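Below is one structure, written out as structure tokens, with a few remarks after it.
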């Protein structure tokens with residue numbers, strides 16, 4: 147049996163940034179690493195080619211009467227920049243105390259290694275475990291999984307044989323409380339590029355005659371929110387559904403400490419839509435955020451130009467029942483209607499993903515046709531978590547997005563059991579990302595028990 | 147006698163970007179080049195050390211009764227980025243047709259070489275020319291001349307012996323029309339940095355809870371202009387003086403073709419304060435411009451962060467009687483008053499410079515105590531230009547800034563005769579900067595005649 151921490155170090159050393167073509171070698175290295183590891187514990191591994199980065203599809207077959215779980219994960223990571231803010235090398239895993247630092251440590255290499263290690267240990271102990279297992283490890287999650295729909299089309303029949311999907315790519319609120327993610331926000335993203343003059347112009351010789359694209363961009367952006375925190379795009383909230391009572395009650399059990407949350411963020415006041423606490427807003431409300439902006443001279447000192455272009459990267463997080471394409475269209479139409487004269491607008495389409503909800507068994511709104519194996523998986527998870535972590539999990543919607551969860555549901559009918567393993571302080575998508583090794587240890591024990599329990603039937 | 151074009155090539159090859167410390171060698175090379183060249187034509191050269199980049203102070207003495215001209219120029223250049231937009235190497239001078247391409251070709255290496263060549267030719271022809279000449283070539287113009295005030299303090303007594311300053315660091319409207327710059331805009335610059343959360347945050351996990359600094363920055367920026375094109379900062383226009391009638395009349399003679407100007411800029415409509423044509427706005431009105439903006443993820447694809455910081459580089463062009471420090475204070479106070487809650491503001495001071503006006507002889511508002519040598523210099527210039535270019539020069543205020551002109555006036559009482567030599571299509575401060583070699587040739591002949599005429603007394 148391999149050492150999960152040593153293997154995780156090896157995994158992190160492959161700089162698998164999917165959105166940046168400079169990291170081709172890191173992507174190939176991480177892909178080969180995952181394929182070899184799953185092969186070494188007895189899985190039949192297929193490397194599924196896509197337009198960009200291959201998927202690893204690895205199976206352990208068995209009797210058709212055995213339950214069948216699909217375990218999802220991704221081997222790609224976010225870009226690591228700004229590198230100057232890292233205290234350790236981004237792609238050289240470094241253990242400090244009970245944490246391992248490195249890009250991808252928590253998103254998703256650590257949690258994925260947790261589940262692979264649990265399966266490896268379980269199969270070593272019970273080589274004849276009556277459980278069919280399919281690992282589905284993609285390499286395009288951080289770029290919005292552009293190849294996933296096509297893969298799903300091709301593999302839908304084989305996936306439909308499974309009973310549910312299991313994954314760890316969501317968050318724990320703290321080291322002592324497991325959360326089963328009962329919903330995810332969707333998202334839709336695009337870049338807006340504003341062009342003024344045909345080239346950069348001297349701000350002395352020409353300043354005052356025509357519109358500066360940075361000014362036009364700021365004026366457009368400033369119209370997109372109301373002072374009360376809501377998004378100011380007509381129709382933006384039309385499809386948003388009311389929140390179920392048990393969801394609000396479950397969130398209350400979480401006992402969010404707002405002072406501690408503000409301290410964690412480093413802000414002195416929150417900024418949420420009216421009627422929503424910060425914890426509610428990030429789970430139950432959609433957003434429109436600016437993820438990056440650029441234009442003109444950004445270096446040391448000054449350069450007195452009026453730039454030709456300026457751009458902003460826009461993303462909307464969406465809640466169930468909001469359609470990504472429709473929201474994108476509304477936002478773009480609003481921008482076009484509000485843009486000042488004298489500039490040209492260009493929209494660059496980025497990725498998107500639908501929101502998702504799954505309801506655990508025995509809730510007021512549990513679907514009547516819920517799969518018995520899914521219900522059993524939820525109950526096994528509840529039991530294993532209660533035993534190992536000392537308290538039952540909470541069933542909460544999360545603010546993040548795993549767009550492929552909604553796509554799997556649509557293409558195959560499979561729901562997902564999402565057991566979060568990363569913590570707020572793990573710095574996902576930010577410098578100094580890390581993963582808690584105590585969480586990893588408990589995570590391995592929990593997953594072993596869940597899969598052993600499901601196998602019992 | 148040296149070949150002015152070959153010498154200009156050599157000059158451009160020194161990448162003398164003063165605002166970026168990576169170009170130290172280029173700065174030293176350009177400085178040595180200028181010192182050696184002036185030494186070779188008989189000047190006594192002093193290299194005046196400053197906190198950043200030295201000034202070249204080179205003199206040709208003579209009898210105290212001779213007129214004394216100070217010829218100003220600068221050997222530093224703007225940064226060349228974005229380099230990918232250059233069609234030739236930025237620091238490898240390339241002649242295409244009648245133009246020489248390269249960073250600094252027009253600002254200020256070409257025009258400066260024009261004046262040095264004129265003096266060299268004149269002194270070769272008339273070694274005993276009764277004219278005292280001081281070259282004053284600085285290396286910090288593009289960073290706002292931070293060392294110039296201290297230099298002026300130290301050298302004021304020697305400069306006060308001169309009669310006027312002559313320079314070519316302003317624009318020609320076209321190849322056939324010389325403009326004597328009768329005024330320059332001042333400027334004041336600062337960076338605004340907005341901070342939200344203490345680090346970059348995942349837009350899924352935390353989006354909707356707190357204020358995004360890019361959004362806050364855009365909301366602040368969007369308040370700083372009115373839809374009609376005016377700057378929306380209380381008190382901004384209070385000190386602005388009315389424009390003299392002869393100035394408006396002189397500008398009318400320029401016969402600005404607005405359609406051609408719009409085509410040159412590549413815009414379909416202008417955006418000027420009410421009551422000012424584009425040509426008037428850039429000369430007679432102050433501005434508030436955004437020269438650069440940055441924050442969050444600017445790379446390929448997407449990165450769903452809410453960044454910790456965003457910044458904008460702000461510059462105001464000022465007209466005579468507006469005080470740079472006062473305007474900066476008004477803008478900063480306005481920004482502070484309008485900033486939304488939940489973000490921190492930081493202001494980084496950059497350079498500044500006062501606006502300047504000089505009135506040629508025989509105008510309604512010519513000062514009664516105008517120096518006779520200055521009046522003679524204006525008349526000599528008018529005559530030389532009329533003879534060589536076929537029409538008299540126009541006396542116009544310009545939109546650009548040469549802050550040291552106002553500082554020289556304040557410290558020494560000297561006014562400046564500014565004979566522009568670069569054209570709108572020379573792409574100053576932008577990619578593909580070039581200088582027209584026909585203009586250079588006529589410029590050398592003009593300057594020779596002007597200085598010969600002044601020497602006659």
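Protein chains in written order, with the numbering used here: chain A, 147 to 603; chain B, 147 to 603. All C-beta atoms, glycine included, are put in the ideal place defined by N, C-alpha and C. Source: prediction; values computed, not measured.
Taking the Cα positions, residue 249(B) is about 30 angstroms away from residue 491(A).
Residue 228(A) and residue 454(B) have their C-alpha atoms spaced approximately 11 angstroms apart. Within the segment 348-375 of chain A, contact with chain B at the beta-carbon level (separation under 7 angstroms) is assigned to 348, 349, 350, 351, 352, 353, 354, 355, 356, 357, 358, 360, 361, 364, 365, 367, 368 and 371. At the C-beta level, residue 186(A) and residue 285(A) stay beyond 8 angstroms of one another. For a Cβ distance threshold of 8 angstroms, residue set 348 and 351 of chain A lies close to residue 574(B), ordered along the chain. The beta strand (DSSP E) runs of length 3 or more contained entirely in the segment 276-355 of chain B are, from start to end of the chain, 278-284, 310-313, 325-330 and 332-341. Nearest in C-alpha terms to residue 382(B), of all of 432(B), 166(B) and 408(B), is 432(B). Excluding the 5 residues flanking it on each side, residue 345(B) has same chain C-beta neighbours closer than 7 angstroms at 454, in chain order. Taking CB atoms only, residue 428(B) has a neighbour in chain A less than 8 angstroms away.
Ranked by how close their Cα comes to the Cα of residue 429(B), the residues 237(A), 355(A) and 331(A) have 355(A) in first place.
For the pair of segments examined, the segment 432-447 of chain A was found not to touch the segment 318-325 of chain A: the number of CB pairs separated by less than 8 angstroms stays below three. In the DSSP assignment, residue 204(A) falls within the beta strand (DSSP E) that extends over 201-206. Counting only runs of at least 4 residues, the segment 204-262 of chain A fully encloses no alpha helix (DSSP H) element at all. For residue 522(B), the enclosing alpha helix (DSSP H) stretches over residues 518-535. Burial of residue 424(B) is indicated by the presence of at least 16 other C-beta atoms within 10 angstroms of its C-beta.
Around the Cβ of residue 603(A), a 10 Å sphere holds fewer than 16 other Cβ atoms; the residue is exposed. Identification of chain B residues near residue 447(A) by a Cβ-Cβ cut-off of 8 angstroms yields 165, 166, 289 and 496, ordered along the chain. Take residue 259(B), set aside five residues on each side of it, and the residues of its chain with a beta-carbon closer than 8 angstroms to its own are 150, 153, 154, 157 and 586, in chain order. Against chain A, the beta carbon of residue 331(B) has neighbours under 8 angstroms at 350, listed in chain order. When Cβ-Cβ separations below 8 angstroms define contact, residue 324(A) makes no contact with chain B.
Close partners of residue 547(B) in chain A (Cβ separation under 7 angstroms): 350. By the criterion of a C-beta distance shorter than 8 angstroms, residue 385(B) is surrounded in its chain by 467, 468, 469 and 472, once the five residues flanking it on both sides are discounted. Contact annotation: residue 362(A) and residue 342(A) have beta-carbon atoms nearer than 8 angstroms. Annotation: Cβ neighbours of residue 416(A) in chain B (cutoff 8 angstroms, chain order): 355, 356 and 488.
In the structure shown, the three-state DSSP call for residue 357(A) is coil.
Taken through DSSP and simplified to helix, strand or coil, residue 456(B) comes out as strand. Among the residues facing chain B, residue 320(A) is not included, as its CB has no counterpart in that chain under 8 angstroms away. Taking C-beta atoms as the reference points, residue 191(B) and residue 282(B) fail to come closer than 8 angstroms. Distance check between residue 318(A) and each of 598(A), 597(A) and 584(A) places 584(A) closest, using alpha-carbon atoms only. Within the segment 437-466 of chain A, those residues whose Cβ lies closer than 9 angstroms to any Cβ of chain B are, in chain order, 437, 438, 439, 440, 441, 442, 443, 444, 445, 446, 447, 448, 449, 450, 451, 452, 453, 454, 456, 457, 458, 459, 461 and 463.
Its chain contains 151, 154, 155, 158, 239, 240, 256, 580, 581 and 583 as the residues whose beta carbon lies nearer than 8 angstroms to that of residue 246(B), once the 5 sequence neighbours on both sides are disregarded; these appear in chain order. The beta carbons of residue 360(A) and residue 493(B) sit about 18 angstroms from each other, so the pair does not count as a contact at 8 angstroms. Cβ contact annotation for residue 396(A) (same chain, cutoff 7 angstroms, sequence separation greater than five): 540, 541 and 542, in chain order. Chain-ordered, the chain B residues with CB closer than 9 angstroms to the CB of residue 411(A) read 342, 343, 344, 345, 347, 352, 355 and 356. For residue 439(A), DSSP records a beta bridge to 458(A) and 441(B). In this structure, 544(A) is the residue among 552(A), 544(A), 558(A) and 595(A) with its C-alpha nearest to the C-alpha of residue 316(A).
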